[in-house]
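This report refers to the structure that appears directly beneath it.
Numbering (UniProt numbering), first residue to last: 1 to 385.
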């Protein structure tokens, strides 16, 4: 048994923290960007950093075993980050790094080195979790060999925000079927996602044709929409997900998407063209209509009367066909003054959910719109965005 033995790699030295490292630890943990996805608030003083150092590091080194490392460059042996394995039954792998060293492969290098060491011990497994809004952390987990197991929602403390976590695990004891179930059993909202590369993928295929992912456009009730390119044109690629929705039931989401597309196409609603369907991977490829959303235009008071005339024309086609669409302004894009409904979702007509009774509440800076926008601002602030 040993406690935090020194580990060296090509660039790094992993060692114990010492009392002399309070300044370096403060530089790491006082940065709001580094802190954004950590279960703590930023440190505010050197005194606070010294106390944190004693409680979370120095006090652990007297135990028979443990793994609580400062991550240092070999060139100066000054901590630029940390990597730990918790002492409870989760054996949770946690790590953090000064932002000027992000995207240099440092945490992957440190993680792989630590795992090589852990494989020589009697530790049966490690787990790790990351906020789904932080896919870069998930990519580190995958690069060091960890495997995604499930996702769950937690009201995260001490920040008191609702977070959707993804849980990864790596087993060392040969029992590859063992999954740490504590979070699954503790939190009622839990499910298994279909992931690639720990979060947002670099490429996605549709019927074996590869597309490079440019960015995530958004997540809806039915799936994730990515802006992708084949090198010549841009498209929207929608990946169907199977996450629960407590206010809407789809059945087969892919088939629902295709039925809704045909329904709106037949009614004559201006929507993105559907180009391809990959049933095996539950993906659809559709036209990318570039432009501002009505939501964006409401924010800057640039919604023209002609846009209302166009949505009224859509309603004149939808209502006789016993159909409603999702009239929320983020679902409409303006290109060359023409209005497009960029979602395919539609439902049987209900008067309470038509444009006049529901949608119009969000097509100008109404009380409902401003309350919604304020809720989004508050959510971003809570996450430090």
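Quick reminder that beta carbons are idealized off the backbone N, C-alpha and C, glycines included.
Per the Cβ contact rule, the stretch 47 to 57 is in contact with the stretch 22 to 29 (3 or more Cβ pairs under 8 Å).
Only residues of its own chain outside the window of five on either side were considered, and among them 42 have a CB closer than 6 Å to the CB of residue 35, listed in chain order. Residue 269 and residue 161 have their C-alpha atoms spaced approximately 39 Å apart. Every alpha helix (DSSP H) of 4 residues or more that sits fully in the stretch 5 to 68 is shown, in chain order, as 22 to 29, 32 to 35 and 46 to 56. The beta carbon of residue 140 sits closer than 7 Å to the beta carbons of 107, 108 and 111 from its chain, once the five residues preceding and following it are set aside; these are given in chain order.
Note that the stretch 342 to 358 touches the stretch 252 to 267; at least 3 beta-carbon pairs, one per stretch, sit closer than 8 Å. Counting along the chain, residue 279 sits inside no beta strand (DSSP E), nor does DSSP assign it H or E at all.
Looking at the DSSP output, residue 235 shares a beta bridge with 228 and 287.
For residue 86, DSSP assigns no beta-bridge partner whatsoever.
Per DSSP, residue 141 has no beta bridge partner at all. A straight line joining the alpha-carbon of residue 83 with that of residue 70 spans about 7 Å.
When rounded, the separation of the alpha-carbon atoms in residue 220 and residue 289 is 18 Å. The criterion of a C-beta distance shorter than 9 Å is not satisfied by residue 363 and residue 325.
Per DSSP, residue 109 is one residue of the alpha helix (DSSP H) stretching across 106 to 118.
With 16 or more other Cβ atoms from the protein chains shown falling within 10 Å of its own Cβ, residue 283 counts as buried. For a cut-off of 8 Å, the C-beta gap from residue 44 to residue 30 is around 7 Å, short enough to register as a contact. When C-beta atoms of the stretch 205 to 218 are compared with those of the stretch 163 to 182, fewer than three pairs fall below 8 Å, so the two segments do not count as touching.
The shortest C-alpha to C-alpha distance from residue 155 to any of 142, 187 and 138 is the one to 187. Between residue 226 and residue 173, the C-beta gap is not smaller than 9 Å, which leaves the two residues out of contact. The C-beta distance from residue 339 to residue 332 rounds to 6 Å, short enough to fall under 8 Å. Approximately 5 Å separates the beta-carbon atoms of residue 152 and residue 183; this is inside 8 Å, confirming the contact.
Between residue 127 and residue 90, the beta carbon gap of about 5 Å places them in contact (Cβ cut-off 8 Å).
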